[in-house]
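In full-length UniProt numbering, the protein residues as written are 1 to 294.
For glycine and all other residues, C-beta sits at the position ideal for the given N, C-alpha and C.
Reading through the structure tokens given below for one structure.
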Amino acid sequence: MPSPTPHPDNTTLAPRPPRHPLQPPYPYPYRFLLNHPDKCRSRTPFLVLLVVTSPADLAARDAVRRTWGNESAVAGLSVVRLFLLGLHPVFSAELRPVLQEEDELHGDLIQQDFLDTYNNLTLKTLMGLEWVSRFCPNATYVMKADHDVFLNLEFLSRLLRPVRTDFLTGYVYRRTGPLRNRAYKWFVPPEVYPNNTYPPYCGGPAYVLSGDLALRVFSVAQVLPVINMEDAFVGICLHALGVAVTDPPPGTFTMYRLDYDKCRFSRLVMVHHYWPEDLLQVWPHFRNESIRCG
Numbered sequence: 001m002p003s004p005t006p007h008p009d010n011t012t013l014a015p016r017p018p019r020h021p022l023q024p025p026y027p028y029p030y031r032f033l034l035n036h037p038d039k040c041r042s043r044t045p046f047l048v049l050l051v052v053t054s055p056a057d058l059a060a061r062d063a064v065r066r067t068w069g070n071e072s073a074v075a076g077l078s079v080v081r082l083f084l085l086g087l088h089p090v091f092s093a094e095l096r097p098v099l100q101e102e103d104e105l106h107g108d109l110i111q112q113d114f115l116d117t118y119n120n121l122t123l124k125t126l127m128g129l130e131w132v133s134r135f136c137p138n139a140t141y142v143m144k145a146d147h148d149v150f151l152n153l154e155f156l157s158r159l160l161r162p163v164r165t166d167f168l169t170g171y172v173y174r175r176t177g178p179l180r181n182r183a184y185k186w187f188v189p190p191e192v193y194p195n196n197t198y199p200p201y202c203g204g205p206a207y208v209l210s211g212d213l214a215l216r217v218f219s220v221a222q223v224l225p226v227i228n229m230e231d232a233f234v235g236i237c238l239h240a241l242g243v244a245v246t247d248p249p250p251g252t253f254t255m256y257r258l259d260y261d262k263c264r265f266s267r268l269v270m271v272h273h274y275w276p277e278d279l280l281q282v283w284p285h286f287r288n289e290s291i292r293c294g
């Protein structure tokens, strides 16, 4: 049985319920093992790009750096790129020198000391928002993206002007609820989230929020029960803040794979399920300015 929690005024609060194994421990003083606190010291980026990868995903990070994650890919657009990592559940010690070498070469890894698992994806996003809150609070926008997407930052930058506040957009889910079947990797038991529906939220593969809202989401996350569904949890934070999600232009965030077509992709922000070899294959064609679209 959990013991009662003492209160500063010497009264006794009711005991906290025990944490469910699927509920990530938070707030918790996770430590930065890899960090770049000075990236925004001499500039105010238009976009902080937080890319989710696992520690062993060296090929994925390399493909992102060489394609849509290239900070210089869009002329006149100030971008800071960071990859979000936890600790490999089995090979963290073996990967430590490999990641340190990679980070010395590219200077774009941030890592905290939680286990890098699917159910801890919420902790990864909160780590990214913590980094923005502490080290880059003046960023205009923050984008969270998975590594297995195609991103068109040039088209996105046009959608983000004029600059807005209290703004979050992506592929919007409405009137969805937690899956209660243990067979699904998205299983969320009532002990973790008791409501039958989530507030509106944007799908996890890629969404973008204004810098001011990123700071507010991180702040309110400190006082809300964290759940293991990262994208839905951001929606819960928005609901607590009284902020609505913004629908993007129809079809611009695509949650399924589309066959590559330059003219079609030039009018999209995100296409899901593009792997490193896919990105490296299509990117030179996409960036070829001699190939015109109507």
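So what's residue i in DSSP terms, helix, strand or just coil?
i, result
"V222", "Position check: residue 222 holds Gln in this sequence, whereas Val was assumed. It is coil, neither helix nor strand."
"M143", "strand"
"S3", "With a pLDDT of 43 at S3, under the threshold of 50, the modelled position of this residue cannot be trusted; read the value that follows with caution. If DSSP states are grouped into helix, strand and coil, S3 belongs with coil."
"V149", "strand"
"T246", "strand"
I'd like the span of the beta strand (DSSP E) that includes residue i, first residue to last.
i, result
"residue 295", "With the chain running from 1 to 294 in the structure shown, residue 295 is simply not present."
"F114", "L109 to L115"
"S210", "Y201 to S210"
Just mark residue i as buried or exposed, buried being the case when its beta carbon has 16 or more other beta carbons within 10 Å.
i, result
"I291", "exposed"
"E130", "buried"
"R61", "buried"
"E102", "buried"
"S266", "exposed"
"residue 344", "Outside the displayed range of the chain (1 to 294) lies residue 344, so it cannot be described from this structure."
"L13", "Per-residue confidence for L13 stands at a pLDDT of 42, beneath the threshold of 50, marking its modelled position as unreliable; the derived number appears in the next sentence. Classification for L13: exposed."
"W283", "buried"
"E230", "buried"
"A232", "buried"
"Y198", "buried"
"A93", "exposed"
Can you tell me where the alpha helix (DSSP H) holding residue i begins and where it ends?
i, result
"A240", "E230 to L241"
"F155", "L153 to L159"
"F46", "Premise fails: F46 is in no alpha helix (DSSP H) and is neither H nor E."
"S72", "Here S72 belongs to no alpha helix (DSSP H), and DSSP marks it neither H nor E."
"H285", "P276 to F286"
"V269", "From DSSP, V269 is part of no alpha helix (DSSP H); its letter is neither H nor E."
"T169", "It is not in any alpha helix (DSSP H) - T169 instead sits in the beta strand (DSSP E) that spans L168 to Y173."
"L258", "It is not in any alpha helix (DSSP H) - L258 carries neither H nor E in the DSSP assignment."
"F32", "Not the alpha helix (DSSP H): F32 falls in the beta strand (DSSP E), residues F32 to L34."
"R66", "L58 to R66"
Leaving out five residues on either side along the sequence, give the residues of the same chain with a beta carbon under 6 Å from the beta carbon of residue i.
i, result
"L159", "none"
"P276", "A59, A60 and A63"
"Q23", "V192"
"P25", "none"
Apart from the five residues just before and just after residue i, which ones in its own chain have a Cβ nearer than 7 Å to its Cβ?
i, result
"V220", "C237, A240 and L241"
Closer than 7 Å: is that where the CB of residue i sits relative to any heavy atom of the ligand SAM?
i, result
"D116", "The ligand content of the structure shown is nil, which means the ligand SAM is not present either."
By Cβ distance below 8 Å, which residues in the same chain neighbour residue i in space, the five residues on each side in sequence not counted?
i, result
"R161", "none"
"T165", "S210, D212 and L213"
"L99", "L34, P55, L85, L109 and Q111"
"R287", "A73"
Original post:
Do the segment 149-159 and the segment 259-278 make contact, defined as three or more Cβ pairs closer than 8 Å?
Top reply: Segments in contact, yes.
Original post:
Is it a yes or a no for the segment 212-227 touching the segment 253-263, going by three-plus beta-carbon pairs under 8 Å?
Top reply: Between the segment 212-227 and the segment 253-263, the count of Cβ pairs shorter than 8 Å is below three; the stretches do not touch.
Original post:
Just checking, does the segment 118-127 make contact with the segment 245-253 on the three C-beta pairs under 8 Å criterion?
Top reply: No contact exists between the segment 118-127 and the segment 245-253.
Original post:
Okay, do the segment 75-90 and the segment 162-180 touch, 3+ Cβ pairs below 8 Å being the bar?
Top reply: Proximity of the segment 75-90 to the segment 162-180 falls short of the contact definition, fewer than three beta-carbon pairs being nearer than 8 Å.
Original post:
How do the segment 135-146 and the segment 33-50 stand: do at least 3 beta-carbon pairs fall below 8 Å, yes or no?
Top reply: By the criterion of at least three beta-carbon pairs nearer than 8 Å, the segment 135-146 is in contact with the segment 33-50.
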